[in-house]
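Please read the structure below before turning to the comments.
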Amino acid sequence: MEASFGDLKKGQKNCQRTVPCQYFAPQKIEEALEILSKYGKEIKIIAGGTDLLVQYYDRLYEVSAWLDLKNIEELKEIKIDQNQIEIGAMSTHTQLESSADIKRYYPILSQAASDIGSPQIRNRGTIGGNIVNASPAGDLLPALIAYRAQFKLVSHKEESIVSAEDFFLGPKKTILKFEQLLSKIIIPIPEQNTYSSWIKIGKRKALMVATVSLALVLSMAEDNKIIQEVKVCLGSVASTPFEIMEIREKMIGRQFKQLDFNELGQLVEDRISPIDDIRGTKGYRQEVTKNIMINALEKIQETWGQSQND
Amino acid sequence: MTKLKIELMVNRKKRKIEITPSTRLIDLLRDDLQLTGTKEGCGKGECGACTVIMNGELVASCLVLAPQADGAVITTIEGLGSSDHLDPIQEAFIESGAVQCGFCTPGMILAARRLLEENPHPDEEEIKRGISGNLCRCTGYQKIIEAIKLSIARLSKSDSGKAK
Amino acid sequence: MSEKYIGKDILKVDVQDKVTGKALYPDDIYFKDMLYLKIKRATYPHAYLRKLDLSKAEKLPGVVRIISAADIPQVKNFGLMIKDQPVLVGIGQKMRYMGDALAIVIAESKEVASKAVKLIEVEVEKLEVISDPLRAMDKNAPLIHQDGNILATHYLEKGDIKMGFAEADLIVEKEYRTSFLDHVPLQVEAGVGIYDKKSGVITLWVATQWLHDTQADIAQSLGLSKEKIRIIQPVIGGAFGKKEDISVHIHLALAAIETKRPVKLIYSREESMIAQSKRHPFIIRAKTGATKEGYLTAWQAFVIGDTGAYASSGPAVVHKGMYHCTGPYNVANVKGVAYTVYTNNTYAGAMRGFGTTQMAFAYESQMDILAHQLGINPAQFRLQNAYEIGSSTPNGQILTHSVGVKETIKEALNMAGWKGEAQ
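Chains as they are written, first to last, in our numbering: chain A, 6 to 315; chain B, 1254 to 1417; chain C, 1396 to 1818.
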């Protein structure tokens, strides 16, 4: 009886997708910009696809043209010199996680990359995609702002450089125009005595969208005792990742060992007004933000304390 | 341009195929190439059932457009071993009782495979991280971790065997 | 025979197929000329369907047929315990949760089916959405089904509850709430169907946990004899109770009969979450009495199980939960009442534990609170109240064998290295 059905897999292929669509995968950035200027809003730019294909799940037929950046080698390079690092927008999270230069100069960018999704996601997802997608929970974004990253935006007509903190306008909203591409991320090499800490809170260890995240980058003066510069940036507690500016006056110019961690934690909590959503309530986020600010300072104290003993 | 010709190496075989650009890699593998060992559990990169190895890297084939895989070298579960000649990891999964409903198994085995290629002697934490993109709802993972540990022993034995 | 298997490693019959990717799950079956289905679902959790406009969807190239309730007047409701689920909601009928099906789209490809579903236009007359079972139990609450929102009430009585509380030196009364849970079997609901014109037999390759009940339910719904429904169980990608209920089955059968072509239906994960069963959220009010020596004297339980829009296994799950209100602890005097209540939430059904895991949250919390207030080590408190051979459960069952709770507690303490309550 079973045999009457024959091969249960013989019918493949008749489920072919039929809706027409165009696809471009240029080798050069200039070609990509030409295509962009021609198709404008009609074309979808695809990098790693780990956000885009989730958004378009079950409605890929709505995309009438794709611009795939996979063949543009220049977008995959990570270059470093004495003053800065340039990270091509197509660099994957796995690259960020494993790059020796990034580990050395921007340890929390590397850690944030290693906290993203899963091996499968990190192998495909890119830094450029993470930025352009502009999720309030985007894992790389607080660290990028804290390290004073700048983004290079290019179009067929012009190029510009913009600071990370000026780039994000709201959830999924940025200043990027439809004819523009984000080509690279430029980050200055941090000062000698720079310490940093990254904490991401969520419900599990993998494949987790942050409920709250915090990036703290702090540099000391030459004496390695007085704070010269600090940035505390938060994710998932507002419509964009952002810096708590009020922290600066409480920390810059002070002796690190005289800081009141509790007070600073409270200050961070007082400066945020998160929302309730599926990942956490407002109250939970406020309390946790305060705690992770304190934890971040404690972590820095540990490494800084070691350098004091040496 | 409705159809796009792409060429890729799947399980050591060269495949030339015409697809529409919005085809996902998982659909290409399952619908066009009849490689239904690659499973779809969520379609959003959360479950890992669709995991394949592409150009030496673990990817979720539901989050890759087929044209993105043009020119790629891909290994699916069908490329790992056959019933008469199982891969040591497949054997270890069987022996450790790491297979229940089996829906996560192809992706899980490929994740294990990739992990052991990169790091032949992972510790338990590294094993957990290596399979962190693959959900299993039946086993509670313990037996899967045991199977991977057993694979480590098997593979290092067969390597030293080769050296002799 | 037993010597052949006991104490030996026996390989699963299908394990080789599973590790090589050869095992065929419903989604892996493909036939020539196969059509793809997609279900248009409710647009509001509680509403009368007033208009269903299929015209735009029907015009889409590649759409073969769209079936709505008007096409199948002979088809009856289905359901595991009570036939309260409509196959398709018709005009003038009610949608009761977001998973209710309004139309079956049949198309030449998955892509066209997905596209067509979004072109179906629906007009509804909205009703009050009841998402809280306590609201559903209000006297003035609108009725989700005509016979009332309380689907079933079960009672439990053992010993003399008044006397039990009179004997108690300490009484703790608390309310506990548990949430919806999805089983998330790694494979979503999926199946393939074929109709044989000559014999009139519908063959379905679908997952089910109740092969014969599913066959009977499909047959009664379609008005066919059971012999006309043949279910072939492919390899199942997990179930955990979720695949006890009918999902793709009847829709596949209808589409196969209608088109005379092989048909396939696969839910998306979201659809599976919205449309298919859940673990019941419980509201549990527990009142427990104990002597100052730490012996339980009385336990009163008031249980509400939110079964969502349809009964599924609800009445069985909720009253079974109540029977376990004392957990594995001896209590001479027990009283309980359990309500299985309809709401406009996704319907709840069977899930591993069948009502007892929800109760565990309540009774183990009660035990901890009592132990703490009595100043007794919580492990000792459990040990001195735990079941043993000869104990009787709240519904009067005498336990005659396999009572391992004390050994389990001792071994758990041992393995956890637990020394006592943290101060």
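Here a beta-carbon is modelled for each residue, glycine too, at the ideal position from N, C-alpha and C.
Roughly how many whole angstroms lie between the Cα atoms of residue i and residue j?
i         : j         : result
A/Lys304  : A/Leu149  : 19 Å
C/Ile1467 : C/Arg1664 : 28 Å
C/Ala1502 : B/Lys1256 : 21 Å
B/Ala1365 : B/Glu1293 : 19 Å
B/Leu1403 : B/Glu1344 : 9 Å
B/Lys1415 : B/Ile1405 : Note that B/Lys1415 scores 45 on pLDDT, short of 50, meaning its location in the model is unreliable; the coordinates nonetheless yield the value given after this. Approximately 15 Å, taken between the alpha carbons.
B/Met1254 : B/Val1317 : Residue placement at B/Met1254 cannot be trusted, given a pLDDT of 49 that sits under 50; what the coordinates show is reported in the next sentence. Each residue's Cα considered, the two are about 20 Å apart.
A/Ala301  : B/Asp1340 : 45 Å
C/Asp1612 : C/Gln1488 : 21 Å
B/Lys1417 : A/Glu79   : With a pLDDT of only 35 at B/Lys1417, under 50, the local geometry of the prediction cannot be trusted, and the value read off the model is given with reservation. Their Cα atoms are separated by approximately 45 Å.
A/Glu7    : C/Arg1625 : At A/Glu7 the pLDDT is 43, less than 50, meaning the model places this residue with poor confidence; the figure from the coordinates comes in the next sentence. Going from the Cα of A/Glu7 to the Cα of C/Arg1625 covers about 12 Å.
B/Glu1260 : B/Thr1358 : 27 Å
B/Tyr1394 : B/Ser1349 : 11 Å
C/Glu1518 : A/Lys33   : 50 Å
C/His1578 : C/Ile1804 : 28 Å
C/Ser1667 : C/Glu1584 : 7 Å
C/Ala1817 : C/Thr1686 : Caution is warranted here: a pLDDT of 47 is assigned to C/Ala1817, below 50, making its placement in the model unreliable, and the coordinate value is therefore given only provisionally. Distance between the alpha carbons of C/Ala1817 and C/Thr1686 is about 23 Å.
A/Ala169  : A/Lys236  : 13 Å
C/Ala1582 : B/Gln1353 : Note that residue 1582 of chain C corresponds to Gln in the displayed sequence, not to Ala. Taking the straight line from one Cα to the other gives about 13 Å.
C/Lys1433 : C/Asp1542 : 32 Å
C/Lys1637 : C/Gln1671 : 7 Å
A/Arg284  : A/Gln263  : 35 Å
C/Leu1765 : C/Ile1678 : 20 Å
A/Ile323  : A/Glu307  : Chain A is shown only over 6 to 315; residue 323 of chain A falls outside these bounds and no answer can be derived.
A/Cys238  : A/Pro147  : 5 Å
B/Glu1299 : A/Asn128  : 14 Å
C/Lys1513 : C/Ala1634 : 29 Å
C/Val1556 : C/Ser1786 : Here the sequence assigns Ile to residue 1556 of chain C, which means Val is not the residue at that position. Using only the alpha carbons, I get a separation of about 18 Å.
For the putative contact between residue i and residue j, defined by C-beta atoms under 8 Å, what is the C-beta separation to the nearest angstrom?
i         : j         : result
C/Thr1752 : C/Ala1531 : No, C/Thr1752 and C/Ala1531 are not in contact; Cβ-Cβ is about 23 Å, not under 8 Å.
B/Leu1282 : B/Thr1328 : Not confirmed; about 11 Å, so no contact.
C/Ala1498 : C/Leu1447 : 6 Å
A/Gly270  : A/Met250  : Not really, about 16 Å apart at Cβ, beyond 8 Å.
C/Val1736 : C/Leu1546 : 7 Å
C/Thr1415 : B/Ser1385 : Wrong, their Cβ atoms sit about 24 Å apart, outside the cutoff.
C/Lys1715 : C/Phe1749 : 5 Å
B/Gly1355 : C/Val1630 : 6 Å
A/Pro4    : A/Gln260  : The displayed coordinates of chain A run from 6 to 315. Any statement about residue 4 of chain A would go beyond what the structure contains.
A/Ala105  : A/Asp144  : Contact doesn't hold; Cβ gap of about 21 Å is too wide.
C/Ile1539 : C/His1441 : 7 Å
C/Val1587 : C/Trp1605 : Not a contact, Cβ separation roughly 19 Å.
Identify the residues that DSSP records as bridge partners of residue i: which are they?
i         : result
A/Ser201  : A/Val222
C/Gly1731 : C/Leu1551 and C/Ala1696
C/Pro1481 : Paired residues: none, contrary to the question.
A/Trp71   : A/Tyr28 and A/Lys49
C/Trp1600 : C/Val1587 and C/Ile1627
C/Tyr1431 : C/Ala1502 and C/Lys1659
B/Gly1313 : The question names Gly, but residue 1313 of chain B is Ala in the sequence shown. Paired residue(s): B/Thr1304.
A/Thr179  : A/Phe173
A/Gln89   : A/Pro193
C/Asp1701 : C/Val1736
A/Gln155  : A/Ser168 and A/Ile191
C/Lys1489 : C/Tyr1443
Could you list the residues in the stretch 61 to 84 of chain A with a C-beta less than 8 Å from some C-beta on chain B, going in chain order? For the stretch 61 to 84 of chain A, which is checked against every Cβ of chain B, the residues closer than 8 Å are Tyr62, Asp63, Leu65, Tyr66, Val68, Trp71, Asp73 and Lys75.
Whole alpha helix (DSSP H) elements within the stretch 1434 to 1470 of chain C, 4-residue minimum: 1450 to 1454
Cβ-based contacts, 8 Å cut-off: residues of the stretch 1311 to 1345 of chain B near chain A: Leu1311, Val1312, Ala1313, Cys1315, Leu1316, Val1317, Leu1318, Pro1320, Gln1321 and Asp1323
Residues, ordered as in the chain, of the stretch 1283 to 1306 of chain B that lie near chain A by beta-carbon distance below 7 Å: Asp1284, Asp1285, Gln1287, Thr1289, Gly1296, Lys1297, Gly1298, Glu1299, Gly1301 and Thr1304
Only counting runs of 3 or more residues, tell me where the beta strand (DSSP E) segments fall wholly within the stretch 1735 to 1803 of chain C, in order along the chain. None, since the stretch 1735 to 1803 of chain C contains no complete beta strand (DSSP E) of that length.
What are the residues of the stretch 1406 to 1439 of chain C that lie near chain A, defined by any Cβ-Cβ distance shorter than 8 Å? Leu1419, Asp1423, Ile1424, Tyr1425, Phe1426, Lys1427, Asp1428, Met1429 and Tyr1431
Just by C-beta distance, which residues in the stretch 1696 to 1718 of chain C are closer than 8 Å to chain A? Residues are counted here when their Cβ sits less than 8 Å from a Cβ of chain A; for the stretch 1696 to 1718 of chain C the count is zero.
Could you tell me which uninterrupted alpha helix (DSSP H) segments, each at least 4 residues in length, are contained entirely in the stretch 250 to 303 of chain A, listed from first to last along the chain? 251 to 256 and 266 to 275
Using a Cβ-Cβ cut-off of less than 7 Å, give me the residues of the stretch 1349 to 1380 of chain B that come near chain C, in sequence order. Val1352, Cys1354, Gly1355, Phe1356, Cys1357, Thr1358, Pro1359 and Ile1362
Under 7 Å, CB to CB, which of the residues in the stretch 137 to 154 of chain A have a partner in chain B? none
Taking a cut of 7 Å between CB atoms, which residues from the stretch 1622 to 1650 of chain C lie near chain A? none
Can you give me, in chain order, the residues of the stretch 1578 to 1597 of chain C that have a beta carbon less than 9 Å from any beta carbon in chain B? His1578, Val1579, Pro1580, Leu1581, Gln1582 and Val1583
Listed in chain order, which residues of the stretch 1382 to 1399 of chain B have Cβ atoms closer than 8 Å to some Cβ of chain C? Leu1388, Cys1389, Arg1390 and Cys1391
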